[in-house]
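A.B. asks: Residue numbers (full-length UniProt numbering): 1 to 724.
#1: Which runs of the alpha helix (DSSP H), 4 residues or longer, sit entirely within the segment 119-145?
#2: Roughly how many angstroms separate the alpha carbons of residue 158 and residue 512, rounded to a whole number?
#3: With 16 as the cutoff for other CB atoms within 10 Å, does residue 540 come out buried or exposed?
#4: Throw me the rounded Cβ distance for the residue 27 and residue 702 pair, which I believe falls under 8 Å.
#5: By a C-beta neighbour count over all protein chains shown, 10 Å radius and 16 as the cutoff for buried, is residue 78 buried or exposed?
#6: Helix or strand or just coil, what does DSSP make of residue 690?
#7: Is the beta carbon of residue 188 closer than 8 Å to that of residue 524?
#8: Helix, strand or coil for residue 72, going by three-state DSSP, please let me know.
#9: In its own chain, which residues sit with a C-beta less than 6 Å from the C-beta of residue 643, not counting the 5 before and 5 after it?
#10: May I ask you to verify whether the segment 216-223 touches the segment 433-444, counting CB pairs closer than 8 Å and requiring at least 3?
#11: Are the segment 160-167 and the segment 646-659 touching by the rule of at least three beta carbon pairs closer than 8 Å?
#12: Bridge partners for residue 449 per DSSP, in chain order?
#13: Under 8 Å, with one C-beta from each stretch per pair, do the segment 51-68 and the segment 90-99 reach the 3-pair mark?
#14: List the whole-angstrom C-beta distance separating residue 40 from residue 20, where the pair is believed to meet the contact cut-off of C-beta under 8 Å.
#15: Classify residue 311 as helix, strand or coil using the three-state DSSP reduction.
#16: On the CB-based measure, 16 or more other CB atoms within 10 Å of its CB, does residue 132 come out buried or exposed?
#17: For residue 603, which three-state DSSP category applies?
#18: Going by Cα to Cα distance, which pick from 517, 543, 612 and 509 is closest to residue 206?
#19: What is the C-beta distance between residue 146 and residue 662, in whole angstroms, given that I count them as a contact (C-beta under 8 Å)?
#20: With a Cβ-Cβ cutoff of 8 Å, do residue 674 and residue 637 count as a contact?
#21: Using the Cβ count rule (16 or more neighbours within 10 Å means buried), how would you classify residue 728?
#22: Taking the beta carbon of residue 686 as the centre, do at least 16 other beta carbons fall within 10 Å, making it buried, or is it exposed?
#23: With burial defined as no fewer than 16 other Cβ atoms inside 10 Å of the residue's Cβ, what is the status of residue 307: buried or exposed?
#24: At the level of alpha carbons, what is the spacing between residue 390 and residue 303?
#25: Which residues in the same chain have their Cβ closer than 8 Å to the Cβ of residue 30, if we skip the five residues on either side of it in sequence?
#26: On the three-pair Cβ rule with 8 Å, is the segment 260-273 touching the segment 421-430?
#27: Less than 8 Å separating the beta-carbons of residue 731 and residue 178?
#28: Is residue 242 helix, strand or coil when you go by DSSP?
#29: Please confirm whether residue 60 has its beta-carbon closer than 8 Å to some beta-carbon of chain B.
#30: Consult DSSP for residue 96 and reduce its assignment to one of helix, strand or coil.
#31: With respect to the alpha helix (DSSP H) encompassing residue 746, which residues constitute its N-terminal and C-terminal limits?
#32: Mind reading off the beta-carbon distance from residue 180 to residue 533? Whole number of angstroms is fine, and I expect it under 8 Å.
#33: Is the distance from the Cβ of residue 291 to the Cβ of residue 395 below 8 Å?
#34: Would you decide whether residue 453 is buried or exposed? Buried here means 16 or more other CB atoms lie within 10 Å of its CB.
#35: Do residue 712 and residue 22 come within 8 Å of each other at the CB atom, strictly closer than that value?
#36: Assign residue 625 to one of two classes, buried (16 or more other C-beta atoms within 10 Å of its C-beta) or exposed (fewer than that).
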C-alpha cells in the first residue's frame, strides 16, 4: 500500500482545493520559509488522528481552517483527504483504493470518512494502526523533531517503536481492554457495595419470611384438621338430613295417595249431590210460591173487575150501555187467561187484564151506547179469571204432590250422602295425621338446617367455605371431636402469636431477594467479564512482548549497522528496561524494582509493568555517559540511524519527514540522501527539505510558494530519479 495523493481544501494556508500526487518513490517538497510547506505535513499528521492543536502548530482546532487575509475571505470548513493504493492487499480493508477524509467546521465539529462512509475517529486510528501508521511513532517527523527519538523518554520511545512494528493495534486493544477492566472493576465494586446495603434488609425480611413459612406450615396442619373436623360434622348432618329427606319423601308419597283417595270420595259426594232431588224440590217450591202469588194477584184483579161491573150495572138505566158488551169484555179477559197457567203466561194474562181495565175505563167514559158492550166484556173477563183461579189451585195441588214424592226420595239421598261423607271425613282425618307427621319431620329438618348453618358460621370464622369440603379423610373411625377442637384452638393460638402476614413486607422480601439475586448475577457477570478482560490483557501483553522482543534483536542489528555508517564507527544498541511500581494497601508509596522482583505479601498490589527503551552508544573517538552529552547534529544522526533501522525491519507504507536533515552538514546530508534512496524499495518518502542532495534523489519535486492573497500555491516537477 502506498499514498497516491493528498487533497487539501481550506486547511491553513491552502484556501482552495489543492491536490498533490505522490509516486511510489521519493517526493521532495521545497519552498521558502513561510510558504506553507509544513502545512502539508500538518495536514497529514492531522488526518492520521492528531487531536492536540499544539502538535499542529495551533492553539485550537479552529486555527486549522483558513482564517482569511486582507485579499481573501476566510472559509468555514477545512478538509484533508488521503488516497491510498491498496492493490497489494496490505490493508485488511477489501478495497483496491482507500480514501480517508477528515473535515472540521468552525464550530469545532469534526467528521471522519472512510471510503466516503462516515465513521468515528477511533475507526480511523484503528485503520492506521493496523497499517503501521499513526501520530505516536516515526510516520511523521515534524520540523525541529529530527532528534525526537533521542529526546523522548524510554516509555515514549517504546511506543514509537511499537507503532512502526504494527504493535500499536494491539496496544490500542490492550488500552481499551484496560479501560473496560477499570470500568468493570468500578462497576463490580459498586454492585458489591449495593449488595452490602441490601443484605441487612434482606436478612431481616428473611427472618420474617421464616416466620411466615412457619405460619404456612401451621395453616396447612390446621387446614387438615379443619377439613377432617368440618367434613365429619357436615357428613353427620348430611346423613341425618338424607334420612329425614328419605322419610319425608315416603311420607309425602303416602300423603299424595291419601289426597288421591280423598278426591275420589269428594267426587263421590259431589256425584250424589248431583243425583239427589233437593234441587228439584227447591224448584217445585219456588214454582208453588210463584203460583200462589199469582193466584192472589188474579183474585185481586177479579175483585176489582167485579167492582167495576157493579158500577156499570148501576149506570145501565141511564144510557145505552149494555150488559152484553161488558160480558164481551170479560170474555176477552177469560180467553186471555186460558193460556196463563205457566208463570210467563200468568204475567202476560196480568198484562191483558191491565189492558181490559183500560178499556173498561174507556168504556165508562164513552157514550151510553158503548158502556153495555164494555160491561159484557168485563163480565166475561171475570168469569175467565174465576176459571183461571181454579186452574191455579189445581197446579198448586200438583206441585204439592210432587213435593211429597221428592221428600221421600230426599230421605234416601241423605242416607247415601251421609255414608259417603263419612268416608270422606275419615280420609281427611287420616290425611291430617299424615300432615302432622310431615310437620314433625320438617321441624327436624329445620333443626338440621340450623345445625348446618351453625357449622357454616364456624367455617366462616375459620376462613373456610362449605364448598371447599371434600369427603372426610378420617381413617381411624370417628374422631374425638373434643380433642380435635383443642388441637385446632392450639394451632389458632399459635397463628395469632405469629401474627398476620404483611403482604407489603412479603412483596418487599420478594422484590429485595430478586434485586439481591440480580445484583449477585451482575457480580458473577462482572467478575467473569473482569477475568476475561484480564486474560485478554495478559494475552495482548504477551503478544506485544514477544513480538517486541523478537523485533528488537533485528532492530539492534540494523541500528548498529546504520549507526556505524553515520558515525564511521562505534556501536549502538537499544535496551529494554522494565520496572514495577508496588503500592501497599495503606497507600504508602513504593519504589521501583527490577522485573525479576515478585510481589510481596498480600499487603502489596502490583501495578502495570513499566517498560521503556534505553539507548546505549559507543561513539568513536568520544566517550559519553548519557545522551545529553550529544550535540544537536549527533542526536539527529542517532535518530536517523534508528529510523532507518526500524523501517528496514518493519517498513510502513510511507514516511513524512519535515526538514530532519536541517541539522546535518553536507557530508551527513549526502549520507542521509543515500539512505533514503536505498530504502525507497521498502517504503515511500515524502520529504520537506532545503538539501540539494535530497532534491536530487527525488522522483517528484513540489515547490510551494505564497500567492499575493496570502494563500499557498503548489508547483510540481518530475525529475529523473536516476540522476547521480
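We put the CB at the ideal spot given by N, CA and C, even for glycine.
C.D. replies: On the basis of the data shown:
#1: 121-130
#2: 52 Å
#3: buried
#4: 7 Å
#5: buried
#6: coil
#7: no
#8: strand
#9: Closer than 6 Å at Cβ, skipping near neighbours: 138.
#10: No, because fewer than three Cβ pairs between the segment 216-223 and the segment 433-444 fall closer than 8 Å, the two stretches do not touch.
#11: yes
#12: Among the bridge pairs identified by DSSP, residue 449 is matched with none.
#13: no
#14: 7 Å
#15: helix
#16: buried
#17: Note that residue 603 scores a pLDDT of 43, beneath 50, so its modelled location is shaky; the value from the coordinates is reported in the next line. If DSSP states are grouped into helix, strand and coil, residue 603 belongs with coil.
#18: When each option's Cα is compared against that of residue 206, the closest is 509.
#19: 7 Å
#20: Cβ atoms of residue 674 and residue 637: not closer than 8 Å.
#21: Beyond the ends of the chain as shown, which are 1 and 724, falls residue 728; an answer cannot be given.
#22: Residue 686 should be labelled buried.
#23: exposed
#24: 15 Å
#25: Hits under 8 Å: 37, 688, 689, 690, 695, 701, 702, 703 and 704.
#26: yes
#27: Only positions 1 to 724 of the chain appear in the structure, and residue 731 is not among them; the question remains open.
#28: helix
#29: Any reference to chain B falls outside this structure, which holds one protein chain only.
#30: coil
#31: A query on residue 746 cannot be resolved here, the shown segment of the chain reaching from 1 to 724 and no further.
#32: 6 Å between Cβ atoms; contact.
#33: yes
#34: exposed
#35: no
#36: Exposed is the call here.
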